[in-house]
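Quick note: the sequence shown uses the working numbering, first residue -8, plus one each step.
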Amino acid sequence: EMFEELKLFKSKHGHSAVPTRHAENPKLGKWVNNQRTWYTNYKAGKKQKCRGICEARINKLEIINFKWTINQGITEEAIVPDITDT
């Protein structure tokens, strides 16, 4: 399940900001992007455009501190490692 993949990503990287075009796991990037899009539609009352999101899934994602927007409490340094350190 993609939720388990997200938990693995978060444990490895320390955040849930999976890039949409994530090279290691493209399906995960697309799935995370869909969750954010569907959540936005759900909160805006656009129920026909929220597809697979529901309160249960929202709660499940929030339990692992999922960020609904890419910049919600995540610094650029957390997403893009400093390559000058190598």
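The beta carbon of each residue, even a glycine, is placed where N, CA and C say it ideally should be. It should be emphasised that the depicted structure is a prediction, and the values quoted were computed from it without experimental measurement.
In this structure, does DSSP put residue i in helix, strand or coil?
i     : result
Asn16 : coil
Ser7  : coil
Give me, in chain order, the residues of the same chain whose beta-carbon lies closer than 8 Å to that of residue i; leave out the 5 immediate sequence neighbours on both sides.
i     : result
Lys3  : none
Ile55 : Leu(-3), Lys(-2), Lys1, Ser7
Which same chain residues, not among the five before or five after residue i, have their C-beta less than 7 Å away from its C-beta?
i     : result
Phe57 : Ser7
Please state whether the Cβ-Cβ distance between residue i and residue j is less than 8 Å.
i       : j     : result
Lys(-2) : Thr11 : no
Phe(-6) : Lys51 : yes
Contiguous alpha helix (DSSP H) assignments of at least 4 residues, all confined to the region 38 to 68: The region 38 to 68 contains these whole alpha helix (DSSP H) runs: 46 to 54.
Could you say if the region 37 to 47 and the region 1 to 19 meet the contact criterion of at least three C-beta pairs nearer than 8 Å? Under the 8 Å Cβ criterion, the region 37 to 47 does not count as touching the region 1 to 19, having fewer than three qualifying pairs.
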